[in-house]
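Contents: one structure, followed by commentary.
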Ligand SMILES: N[C@@H](CCC(=O)N[C@@H](CS)C(=O)NCC(=O)O)C(=O)O
């Protein structure tokens, strides 16, 4: 959904420069979201997508928040005339849990993720990473 937002963002608000955006792949099927760097520095929830920039106080770690952030700077994404309708549709769309789309009937995928976190917790990890993994287990 964020990729779609980026693809159709159009022109920046008058007088503002375009925001250069580059995509970094975080391979969630190979547990990259469970790395210490990702959990401790990027997104404690251990989820993608995340918008990160040196200009942001902290990464924006939710797709609908990223969309609204971009829409502020690229006004044709949410024209004032359709603000209410688009905002409602965006919220409805983003309320879908990705498990229902990607892993429907395959609950073992969630279990596998859980086991990966437990395995990391059983190893030698720093106190900070341990806290992050414990939080992710809750997520
Ligand atoms: N509310 C979040 C949910 C994001 C989300 O569920 N991301 C999934 C992939 S679509 C994820 O990163 N899963 C990895 C994991 O749960 O470890 C958003 O919409 O941005």
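Numbering (our numbering), first residue to last: 787 to 925.
By construction, the Cβ of each residue, glycine as well, lies at the ideal position given by its N, Cα and C atoms.
Figure out for me which residue from 923, 796, 891, 850 has the closest Cα to the Cα of residue 905.
The residue labelled residue 905 in the question sits at position 119 within the chain shown. Among 923, 796, 891, 850, the Cα nearest to that of residue 905 belongs to 923.
Am I right that residue 835 and residue 849 are in contact with their C-beta atoms under 8 Å? What's the rounded C-beta distance?
Within the chain shown, residue 835 is the residue found at index 49, counting from 1. Within the chain shown, residue 849 is the residue found at index 63, counting from 1. With 8 Å as the limit, residue 835 and residue 849 qualify as a contact, their Cβ atoms being about 5 Å apart.
For residue 846: DSSP bridge partner residues
Counting from 1 along the chain shown, the entry for residue 846 is found at position 60. In the DSSP output, where bridge partners are listed per residue, residue 846 has 837.
Alpha-carbon to alpha-carbon, residue 913 and residue 877:
By one-based count along the chain shown, residue 877 stands at place 91. By one-based count along the chain shown, residue 913 stands at place 127. The alpha-carbon atoms of residue 877 and residue 913 are separated by roughly 36 Å.
Please work out which residues of its chain come closer than 7 Å, Cβ to Cβ, to residue 807, disregarding the five sequence neighbours upstream and downstream, and give them in chain order.
Position 21 of the chain shown holds residue 807. So the list reads 792, once near-sequence residues are dropped.
Tell me whether residue 878 counts as near ligand 1, meaning its Cβ is closer than 7 Å to at least one heavy atom of that ligand.
Indexing the chain shown from 1 puts residue 878 at position 92. Flag unset: Cβ of residue 878 not near ligand 1.
beta-carbon residue 835 near ligand 1 non-hydrogen atom, thresh 7 Å
Taking the chain shown and counting its residues from 1, the one referred to as residue 835 is at position 49. Yes, Cβ of residue 835 sits closer than 7 Å to a heavy atom of ligand 1.
From residue 753 to residue 810, what distance separates their C-alpha atoms?
In this structure the chain extends from 787 to 925, so residue 753 is not present and cannot be described.
Would you identify the three-state DSSP class for residue 792, choosing helix, strand or coil?
Position 6 of the chain shown, counted from the first residue, corresponds to residue 792. Reduced to three states, the DSSP call for residue 792 is helix.
What do you get for residue 864, buried or exposed, if any count of 16 or more other CB atoms within 10 angstroms of its CB means buried?
To locate residue 864, count along the chain shown from 1; it is residue 78. Residue environment: residue 864 is assigned as buried (16 or more neighbouring CB atoms within 10 Å of its CB, all protein chains considered).
Using the rule of at least 16 other Cβ atoms within 10 Å of the residue's Cβ for burial, across every protein chain shown, is residue 801 buried or exposed?
Stepping through the chain shown from its first residue, residue 801 is reached at position 15. It counts as exposed.
Taking C-alpha atoms, which residue in 787, 812, 795 lies nearest to residue 858?
As a working note, residue 858 is residue 72 in the chain shown. Measuring from the Cα of residue 858, the nearest candidate turns out to be 795.
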